[in-house]
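For the sequence shown, this note's numbering assigns the number 445 to the initial residue and increments by one for each residue that follows. C-beta: ideal position from N, C-alpha, C; glycine also. Here the structure is a predicted model, which is why all the values come from computation and not from measurement.
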Amino acid sequence: FQFFSDAPLEDGGFTLKVGGGYTYAVGLDLPPHAPYVSGGTDPFYVSPGSLMTVAVPLEPKDALIEGFLVDASTGQPPTEPIWAEVFGEDEAGHWVVAGVDPATAFYDLGVISGTWSLRPWVDPDSGYVASPTATLVTVESGQVVTQHFAVWPINAVISGTVKDPDGNPVQAFVFAEGESPFVGHFETQAQSDGNGYFELVVPEGGYVVGAALPGDELAARGWLNPPPVDVPWVSATSPVTGLNLQFRRLDAVITGTITFAPGLLVTPTHPAYVWGWAETGEWAETEAVTASANAFTYALPVVSGTVWHVGAVYEDWDNGLFYESAEEVVDLTTTDVAVQNLELGSPQLLPQPIIVSFDGTTMQTIILPDGTELKIPPGALVVSGTVTLYIFPTQELLPGEEQEVVGMGYEIWATDQNGQEITQFNKNVVITFQYPPDAVLAQQGISEYQLVPVYFSTLMGRWVLADSYVVDTLNNEITLQISHFTKFGVASVGAKQFQVYLPIVLK
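Written as structure tokens, this is what we have:
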């Protein structure tokens, strides 16, 4: 992997300490209203023990892109304050960002001549959402180009009640996920009150609504999350009310033996991971314990009356390999006990873990071999001292029917100099990961417009759409901001039967 630090710019100069014998590039991150665009040098080699002097080119902003965020339902700027930003990147890698005036919804973005990929981001608490897809704008030196962005109101209401298996009201996390014809994939969450009542506000569109409790609480109660309820369409003028989300008691079990394929001799050193999802929307997971030198046994508590899909993964860290079973179908519509043995197939490469320590008060840019990039601002993780970052690739990913998390994952966590895990950040960390070209996606039956970044919520026990992200279709990148390390990944929404291998960041 590649590892970079930063240094402050003082009187137009800087000093960076680096390891000799490597190739580096130096870039400058400038504040939004600086008179220059952010850029960097070409790569150059640094010999051991040498002192290199480099000049970082700065290009003055000599053109302007300006406009308003406009309410798509009225064609006018929102009447209430809106908190938003507009991001831009050109083909040479220069990038700019401008805040939107909350009162007027106006923005102006100083740029240089060229074609810029622009995308707005709106805080959902403002009551609006923007499409994450980029817009291409070409501008010449000395030119002012007007580019307005439509934002869509979040004003359609879905409401209902959450109940326990006996029909009593219960407080739980409630979510809605689905597709809006205007902004694409959208998700939101809320919590039911003491009477079990919940209310979700979404853009006009079709959604799936469900409820969830943390995994440990579900296990203690012996429950499984309610099957999601389909809402074909909801709008501001046609709200959906009276939904009933009811938890179910675990009343069935799938058991079996997990073995390695014939000819594979593997001595397990830890449990295998077993997952299951039901065609009615439920999901479950467990660990398979070692039964012999080449096998495991498992028992997966589930609910009856539906069809389950199960599979297993074993990760061999010592040898950099993982073994995965095929997905098997288990019919529990007429029984509450089933046996399903699983066979782990041929070994596949599992990248080696990465552990790195750095000064938490300096800017860090970490680039993984697959191109995934983490930008950690100074003081984001700790106020002072050393931070140790752990990055472990993984294939232990819980799938679902409608939202498939695909490809290799990364289990990431950080500790401070006292060994305490860092669970909340002082500033957001930015993650950018790349996805394959359109032609490669097309071979898998996937469009780049189906790709969204998600994280695994331990509170809700499910994959959740990242709050703040943009999709750059020009450069085939997805960038998101995070406030804590948890399970992050890429989901292909609406295309479960296909698989594309993308980087996933998770904890």
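I need the straight-line Cα distance from residue i to residue j, nearest angstrom please.
i	j	result
residue 895	residue 494	45 Å
residue 897	residue 932	7 Å
residue 516	residue 920	27 Å
residue 856	residue 691	32 Å
residue 865	residue 829	14 Å
residue 655	residue 590	44 Å
residue 640	residue 468	57 Å
residue 769	residue 531	42 Å
residue 456	residue 803	23 Å
residue 940	residue 584	For residue 940, the predicted model reports a pLDDT of 37, less than 50, meaning its position is unreliable; a value from the coordinates is still stated below. Going by the C-alpha atoms only, they are around 43 Å apart.
residue 490	residue 459	14 Å
residue 676	residue 542	37 Å
residue 728	residue 721	6 Å
residue 605	residue 688	5 Å
residue 723	residue 753	8 Å
residue 773	residue 750	11 Å
Please classify residue i as buried or exposed, where buried requires at least 16 neighbouring CB atoms within 10 angstroms.
i	result
residue 632	buried
residue 482	buried
residue 885	buried
residue 947	Residue placement at residue 947 is poorly supported in this model, since its pLDDT is 36, which falls under 50; the coordinates still yield a value, given next. That one is buried.
residue 714	exposed
residue 840	buried
residue 538	buried
residue 647	buried
residue 852	buried
residue 682	exposed
residue 454	exposed
residue 607	buried
residue 669	buried
residue 801	exposed
residue 578	buried
Look up residue i in the DSSP assignment and say whether it is helix, strand or coil.
i	result
residue 932	strand
residue 635	strand
residue 511	strand
residue 454	strand
residue 608	coil
residue 474	coil
residue 942	Caution is warranted here: a pLDDT of 32 is assigned to residue 942, below 50, making its placement in the model unreliable, and no coordinate value can be reported.
residue 747	coil
residue 687	strand
residue 552	strand
residue 500	coil
residue 894	helix
residue 914	strand
residue 886	helix
residue 564	strand
residue 569	helix
residue 805	coil
residue 459	coil
residue 714	coil
residue 703	strand
residue 861	coil
How about residue i and residue j: are their beta carbons less than 9 Å apart?
i	j	result
residue 598	residue 651	no
residue 551	residue 488	no
residue 587	residue 499	no
residue 630	residue 924	no
residue 786	residue 700	yes
residue 562	residue 526	no
residue 755	residue 771	yes
residue 811	residue 834	no
residue 824	residue 697	no
residue 870	residue 914	no
residue 522	residue 570	yes
Could you spell out the range, first to last residue, of the beta strand (DSSP E) harbouring residue i?
i	result
residue 674	673-678
residue 542	539-543
residue 782	781-783
residue 596	593-597
residue 682	Here residue 682 belongs to no beta strand (DSSP E), and DSSP marks it neither H nor E.
residue 646	641-646
residue 572	572-574
residue 837	830-838
residue 727	727-736
residue 518	That residue, residue 518, is in no beta strand (DSSP E); it is neither H nor E in DSSP.
By the DSSP assignment, the alpha helix (DSSP H) with residue i in it spans what residues?
i	result
residue 662	659-665
residue 818	Looking at the DSSP string, residue 818 is not in any alpha helix (DSSP H); the run it does join, the beta strand (DSSP E), is 817-820.
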